[in-house]
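The structure under discussion appears below in the form of structure tokens.
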Amino acid sequence: MKDLNYKKGRDGEDIAKYFLIDKGMLWVESNHVNNLGEIDLIMSEGDVLVFIEVKLKIGDQYGTPEEMISKGKISRVKRIAEGFLVINPKMAKKFSKYRIDAFCIVKDFEGNTKRVSHYKNIG
Amino acid sequence: MLTKIASVANYGLKAIDIEVEVNVADKGFPGFGVVGLANKAVEEAKERVKTALINSDIEFPNQKITVNLAPADLPKEGSCYDLPMAVGIIGAMNLLKIPEEKSYFYGELSLDGSLRHSRGVFLLALLAKEKGIKNIYVPRVCANEASVVEGVNVFPIDNLSNLIKHLNGIKLIEPLYKIRKDELLSDIVPEFDFSEVCGQEQAKRALEIAAAGGHNVFMMGPPGSGKTMLSRAFPGILPDLTEEESLEVTKIYSITGNIPPGGSLIRNRPFRSPHHTTSQVGLIGGGSNPRPGEISMAHRGVLFLDEFPELTRSSIEALRQPLEDGIVSISRASGSVTYPASFMLVAAANPCPCGFLGDNKKECRCTIFQILKYQKKLSGPIMDRIDLHINVGAVDIDKLMVGNNLKNQSETSSTIKNRVVKARKIQQKRFKGVDGIYSNADMKNKHLKDLAVLNPNANLLLKTAVNKFGLSARTYFRLIKVSRTIADLDNSVEILEKHIAEALQYRVRTED
Chain A
288 MKDLNYKKGR DGEDIAKYFL IDKGMLWVES NHVNNLGEID LIMSEGDVLV
338 FIEVKLKIGD QYGTPEEMIS KGKISRVKRI AEGFLVINPK MAKKFSKYRI
388 DAFCIVKDFE GNTKRVSHYK NIG
Chain B
1103 MLTKIASVAN YGLKAIDIEV EVNVADKGFP GFGVVGLANK AVEEAKERVK
1153 TALINSDIEF PNQKITVNLA PADLPKEGSC YDLPMAVGII GAMNLLKIPE
1203 EKSYFYGELS LDGSLRHSRG VFLLALLAKE KGIKNIYVPR VCANEASVVE
1253 GVNVFPIDNL SNLIKHLNGI KLIEPLYKIR KDELLSDIVP EFDFSEVCGQ
1303 EQAKRALEIA AAGGHNVFMM GPPGSGKTML SRAFPGILPD LTEEESLEVT
1353 KIYSITGNIP PGGSLIRNRP FRSPHHTTSQ VGLIGGGSNP RPGEISMAHR
1403 GVLFLDEFPE LTRSSIEALR QPLEDGIVSI SRASGSVTYP ASFMLVAAAN
1453 PCPCGFLGDN KKECRCTIFQ ILKYQKKLSG PIMDRIDLHI NVGAVDIDKL
1503 MVGNNLKNQS ETSSTIKNRV VKARKIQQKR FKGVDGIYSN ADMKNKHLKD
1553 LAVLNPNANL LLKTAVNKFG LSARTYFRLI KVSRTIADLD NSVEILEKHI
1603 AEALQYRVRT ED
């Protein structure tokens, strides 16, 4: 079960990554881990560094992925992002601004993607 | 899309116009936020509104919803903003037509989409009348409260689906039929009838005077002599509320949510009997957002305090100012609120902790220190404000005997009530055109010169009595008011010697 969840998460992060690259954003890092926690995806758009929280839901019995991203989760991502900038001063110098995005994916049980939504600057 | 719905906030006994602005944005991260100094109950409205919408077969929008309660600097509390929020959201989704004419929406939602009893509907209707707003939408269970206010169409709402159909013109809701004020009859059934109380003729007479003029009463006597029974029978001889009084009382009952579902104007005089362990805040009113206490709930009615000296000293002393002014101002960090508190105090007490001090048959077993301590609770300033002091002695066994045909000996409550009502009618005529005064006890000292004329002999008697017993200026004026009531009961235009004499008899305590 744990393995399945892990695989599902990877799957969602890959969908988000290729979708956003298509939209013209540049990939920086996936699954960045520091002592504060983990960020699913880091990309850049112009001079803005973008930290992305990816949520994937299979089916809709248990609510939408949007509902799963709470205020607490957003502030946690913010803290980890600030941690990332401390660890990587080069990045902090290169990008003057940063923002937090959410990327929500809904799939059905056959594995077809039903909907993807990209929300900019949710912090 | 942005929608604006009018609603109402309550602050003290004032209703204030509120605008509920709802924005359902296409862009932005989905969520539901409420701003505008909302307290916890308003914050929780989010879940209620969301579930009520889903259960009314409306898909809750997966969009960014922002609700603003304007003006933003006024603290909002309570659950009554559920309905305006829901209407705003549904309106923003273009599923209903928001009325072009300004209308008030007010009420708490249940999870199934139906509307629950909400407090303050009466005040909402009054504000609507004042502001010239034609239509108000309120929960059906408390719509009767609003229906006595003329010139306002009251739409009783059962649930959200019905309201949507009404606003879209599919199936209209009939506005509530106006209840005429005189159709509301009082239906009070007191626990006891005065004819059931054996003996105690003096106490009964004193209570009759109190009911007729709205005077305060203090009863002292050994346990089991009938103090509590007399007080319980007291509501049966109280006159019904007049129309103006009824409006004042209904306001307080509406704001505290004490009007039963389906209830309308309060026509019975309130009779409140809080237990003696009641806290000072419970008695006087208070809280961080000041709420009315028992003394305001007893406005234009009776506050009965049994075992008076058992109340905490601070509670007793806190009654001083309201007893004199008929209002109570409560100031807290959030602001100051004035509630009306023009009540008739009926207090009962034992003369000492064991209860038998001064009794003919039983010996008092208290030490002098105990007695002094007990009686010190009844401070001078409080006792000074009570017009009628009665000693309720133990009843003679002959009067108690079953088979002595009690019913024929004593008057029934309704006979006494007739006399009381007659006396009140005289007072009503007297105080016509004087604002806020309904009974002799409400009279201010400046009114006494014109409205309570003493006969020269009566004047002389009063002067002698005041000098002899060393009575205070307040007592002097209160004596005149009581004499006025006794004269009214006697159907006498002037206050005569005998009226003063009777008033004095209730005034001068044996210990004094």
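Note that the protein sequences, when read in sequence, are chains A and B. In short: position in the first sequence from 1, add 287, done, that's our numbering. In short: position in the second sequence from 1, add 1102, done, that's our numbering. Ideal Cβ placement from N, Cα and C applies to all residues, glycine included. Remember, it's a predicted structure, so these values are computed and weren't measured experimentally.
Run of the beta strand (DSSP E) containing residue i, from where it starts to where it stops
i	result
residue 1105/B	1104–1113
residue 325/A	324–332
residue 345/A	335–345
residue 1520/B	Counting along the chain, residue 1520/B falls outside any beta strand (DSSP E), though it belongs to the alpha helix (DSSP H) covering 1515–1532.
residue 404/A	400–406
residue 1135/B	1133–1137
residue 1239/B	1237–1241
residue 1447/B	1446–1451
residue 1320/B	1319–1322
Per-residue burial, residue i [other beta carbons within 10 Å of its own, 16 or more giving buried]
i	result
residue 1165/B	buried
residue 1272/B	exposed
residue 1411/B	buried
residue 1538/B	exposed
residue 1587/B	buried
residue 1302/B	buried
residue 406/A	buried
residue 1144/B	buried
residue 305/A	exposed
residue 1571/B	exposed
residue 1332/B	buried
residue 364/A	buried
residue 1614/B	Bear in mind that the predicted position of residue 1614/B carries a pLDDT of just 41, short of 50, making it unreliable; the figure below should be weighed with that in mind. Exposed, because fewer than 16 other Cβ atoms sit within 10 Å of the Cβ of residue 1614/B.
residue 353/A	buried
residue 1103/B	exposed
residue 347/A	exposed
Start-to-end residues for the alpha helix (DSSP H) that takes in residue i
i	result
residue 1194/B	1184–1194
residue 1500/B	1499–1502
residue 1246/B	1245–1248
residue 318/A	Element bounds for residue 318/A: not the alpha helix (DSSP H) but the beta strand (DSSP E), 313–321.
residue 1553/B	1547–1553
residue 1352/B	1345–1357
residue 1558/B	1558–1571
residue 1407/B	It is not in any alpha helix (DSSP H) - residue 1407/B instead sits in the beta strand (DSSP E) that spans 1404–1407.
residue 1491/B	Run containing residue 1491/B: none in the alpha helix (DSSP H); it sits in the beta strand (DSSP E), 1490–1493.
residue 376/A	376–381
residue 1477/B	1470–1478
residue 1589/B	1575–1591
residue 1332/B	1329–1335
residue 1607/B	1599–1609
Rounded distance between the beta-carbons of residue j and residue i, thought under 8 Å
i	j	result
residue 1239/B	residue 1279/B	Rounded, the Cβ-Cβ distance is 16 Å, inconsistent with contact.
residue 1096/B	residue 1250/B	Any answer about residue 1096/B is impossible in this case: the structure gives chain B only from 1103 up to 1614.
residue 1256/B	residue 1241/B	Contact doesn't hold; Cβ gap of about 11 Å is too wide.
residue 1542/B	residue 1315/B	4 Å
residue 1521/B	residue 1345/B	With a Cβ gap of about 22 Å, residue 1521/B and residue 1345/B do not count as contacting.
residue 371/A	residue 321/A	6 Å
residue 1140/B	residue 1178/B	5 Å
residue 1151/B	residue 1211/B	6 Å
residue 341/A	residue 330/A	That pair is no contact at about 11 Å.
residue 1564/B	residue 1581/B	7 Å
residue 1457/B	residue 1325/B	4 Å
In DSSP terms, what residue i is bridged to
i	result
residue 1171/B	1122/B
residue 1257/B	1239/B
residue 360/A	Answer is none; residue 360/A lacks a bridge partner.
residue 1393/B	1388/B
residue 1434/B	1437/B
residue 1224/B	The partner list for residue 1224/B (beta bridge, DSSP) is empty, contrary to what the question assumes.
residue 388/A	339/A
residue 1210/B	1218/B
residue 1442/B	1429/B
residue 1373/B	1404/B
residue 1127/B	1166/B
residue 1116/B	1113/B
residue 394/A	345/A and 400/A
residue 1543/B	In the DSSP output, where bridge partners are listed per residue, residue 1543/B has none listed.
residue 1178/B	1140/B
Members of the region 344–361 of chain A that neighbour chain B once the beta carbon cut-off is set at 7 Å: 351 and 353
Interfacial residues, the region 1151–1173 of chain B to chain A, with Cβ spacing under 8 Å: Considering only beta carbons, the part of the region 1151–1173 of chain B lying closer than 8 Å to chain A consists of 1164, in chain order.
Near-chain A residues of the region 1118–1138 of chain B (beta-carbon distance less than 9 Å), N- to C-terminal order: Under the 9 Å Cβ criterion, the region 1118–1138 of chain B contributes 1129, 1130, 1131, 1132 and 1133.
Short-range partners of chain B found in the region 368–391 of chain A, where Cβ spacing is below 8 Å: 389
Selection of the region 391–410 of chain A by Cβ proximity to chain B, strictly under 7 Å: 406 and 409
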